[in-house]
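What follows is a single structure, written as structure tokens, with notes after it.
2 protein chains.
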Amino acid sequence: MASDRHALRARKEPRQARAELTRERIVAAAAHVFAEHGYAAGTTNRIAERARISIGSLYQYYPNKDAILLELVNRHLDAGVLAAKEHEDGDEPESLEAIMRGFARATIDNHLDDPKLLQVMMEQTPRTPELLERITEYQRERVAATRDLLARHPEVRVADVDVAAQLVVSTIETVVHQLVAAPRSVDVRRLEDELVAMVTRYLTAA
Amino acid sequence: MASDRHALRARKEPRQARAELTRERIVAAAAHVFAEHGYAAGTTNRIAERARISIGSLYQYYPNKDAILLELVNRHLDAGVLAAKEHEDGDEPESLEAIMRGFARATIDNHLDDPKLLQVMMEQTPRTPELLERITEYQRERVAATRDLLARHPEVRVADVDVAAQLVVSTIETVVHQLVAAPRSVDVRRLEDELVAMVTRYLTAA
DNA sequence: GTCTATAGGAAGATAGAC
DNA sequence: GTCTATCTTCCTATAGAC
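Protein chains in written order, with the working numbering: chain A, 4 to 209; chain B, 4 to 209.
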């Protein structure tokens with residue numbers, strides 16, 4: 004078995020690298036197509052066409068359409084977790100307002116990256132069990148991290164830290180999402196200021 | 004449903020009344036089917052079946068599937084506007100906190116009515132131009148009414164009333180929506196308290 | 001491993017009888 | 001006015017050649 008394995012260095016790596024590249028092309032194409040046409044009209048044929056491979060090849064890399072979408076959602080959530088972590092792991096002496104601003108900014112940036120795609124993912128996605136699972140886990144993770152942060156921070160005056168964490172995370176996430184989705188709305192920076200002010204005052208009120 | 008009323012009075016009215024009843028049956032059936040199966044799997048055939056009319060008859064009352072959905076969305080938004088109006092038109096001497104609680108309570112009630120259906124309408128609906136138009140108008144209306152209320156209320160201390168109104172409406176609406184959609188979450192009443200506290204403190208802070 | 005061509009199936013909408 | 005039966009369209013997913 005695998006007797007042709009001992010070639011010069013590796014025959015396997017280049018293949019995997021090529022395959023990885025193809026997967027990347029598919030994902031990039033899917034992002035573009037979903038953002039432009041929505042989920043239903045973002046057909047696998049269109050995705051394959053944009054990735055400049057055939058529909059047959061596409062199905063060799065992903066078992067079905069939802070798997071491609073799930074990959075996109077996973078990447079977005081991973082980026083969100085990563086961005087949030089950066090601020091959480093910083094030095095603690097930051098003011099609560101600075102921390103909240105970091106949260107808001109990171110969330111906004113992550114959504115501003117490709118608003119159309121995000122909207123499609125949030126609003127038109129079929130709620131498969133895997134996807135729901137992933138989103139729930141993400142929420143749980145964010146709330147838990149925020150709760151710990153609030154519990155440790157000296158400025159926080161709120162009674163129930165669990166409820167507060169849930170409210171703050173939910174508020175920042177959904178408000179940002181809605182504001183980004185509605186491009187007609189007022190100045191984003193201005194609203195970021197007010198959002199930060201609101202949650203900060205809430206958390207530090209006597 | 005004994006409507007064999009060949010009254011002397013009118014020949015037209017009974018027919019219209021019958022038609023109105025049928026429309027009502029269709030809408031009720033659609034609400035049930037969408038809530039149970041989602042939008043895509045909530046087929047027109049299923050709706051007709053539940054309304055106990057044939058698919059052909061259904062298409063005599065609504066031109067297509069999206070028109071039925073639009074009817075449902077319209078009813079929900081109308082209920083929302085109505086509930087909000089009740090509190091706005093009340094006597095002014097109410098405290099700001101009482102007003103905000105009224106908003107939150109009304110929003111929660113309106114969503115609690117049929118959470119599943121709401122979730123489907125918010126998340127799986129195809130964003131047709133008519134629907135987007137209707138939602139935008141609803142938002143604009145709510146924000147405008149809230150802005151006027153804030154501008155008149157003596158407790159309000161916030162600098163920019165327009166931005167504040169947008170933030171408050173957006174926060175209450177989206178947070179409630181998310182919380183209702185996620186039935187695993189904490190006590191709804193408890194979170195209502197915190198939500199009200201948050202926006203009230205924000206609006207009245209020095 | 002990649003392709004073309006198409007099977008397979010679902011669902012929205014319509015035709016035409018009664 | 002209501003029904004049944006069906007048409008049309010479209011898209012996912014697969015088969016099979018190269």
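C-beta atoms are modelled at their ideal positions from N, C-alpha and C, and glycine is treated no differently. None of the values given here were measured: they were computed from a predicted structure.
Contacts with chain B at 7 Å (Cβ-Cβ) include A:V166.
Going by beta carbons, B:A86 and B:A109 fall inside the 7 Å limit. One thing to note: B:A101 has its Cβ no nearer than 7 Å to the Cβ of B:L198.
The closest CA to that of A:A167, considering only A:S60, A:A184 and A:A154, is found on A:A154. For B:E126, the chain A residues whose C-beta falls within less than 9 Å of its own C-beta are M125, E126, Q127, T128 and R130, listed in chain order.
Fewer than three Cβ pairs drawn from the segment 167-179 of chain B and the segment 139-150 of chain A lie within less than 8 Å of each other, which leaves the two stretches out of contact. From the beta-carbon of A:L194, the residues of chain B found nearer than 8 Å are V166, Q169 and L170.
Inclusion of A:Y62 and A:I29 in the CB contact set at 7 Å is not warranted, their separation being larger than that value. Counting along the chain, the unbroken alpha helix (DSSP H) around B:Y141 starts and ends at P132 to R155. If you draw a straight line from the Cα of A:H114 to the Cα of B:L120, it is about 27 Å long. At a cut-off of 7 Å between C-beta atoms, B:M103 does not count as an interface residue with respect to chain A. Identification of residues in the segment 30-44 of chain B having a C-beta nearer than 8 Å to some C-beta of chain A yields G41 and A43, given in sequence order.
For A:M124, same chain residues with a beta-carbon under 8 Å away, outside a window of 5 residues either side, are F37, L72, L75, V76 and H79 in chain order. DSSP places A:P118 inside the alpha helix (DSSP H), whose first and last residues are P118 to E126.
In the structure shown, B:V164 adopts helical secondary structure according to DSSP, grouped into three states. It is roughly 15 Å from the alpha-carbon of A:A200 to the alpha-carbon of A:R160. CA-to-CA, the gap between A:E195 and A:R104 works out to about 8 Å. Interface annotation, A:Q181: in contact with chain B, CB-CB separation under 7 Å. At a C-beta separation below 7 Å, A:S98 has no neighbours in chain B, since its nearest C-beta there lies roughly 16 Å away.
Approximately 7 Å separates the beta-carbon atoms of B:Y141 and B:V84; this is inside 8 Å, confirming the contact. Taking the Cα positions, A:D151 is about 20 Å away from A:D81. Interface with chain B (7 Å Cβ-Cβ cutoff): A:E136 is excluded. It is roughly 16 Å from the alpha-carbon of B:R21 to the alpha-carbon of B:S57.
In its chain, beyond the 5 residues on either side, V36 and H40 have a beta carbon closer than 8 Å to the beta carbon of B:R49. Judged by DSSP secondary structure, B:N113 falls within the alpha helix (DSSP H) whose first and last residues are L99 to L115.
The contact set of B:L198 on chain A, defined by CB atoms closer than 7 Å, consists of L170 in chain order. Using beta-carbon distances, A:V76 does not count as an interface residue toward chain B, since no partner is under 7 Å. For B:A87, the closest Cβ of chain A is not nearer than 7 Å.
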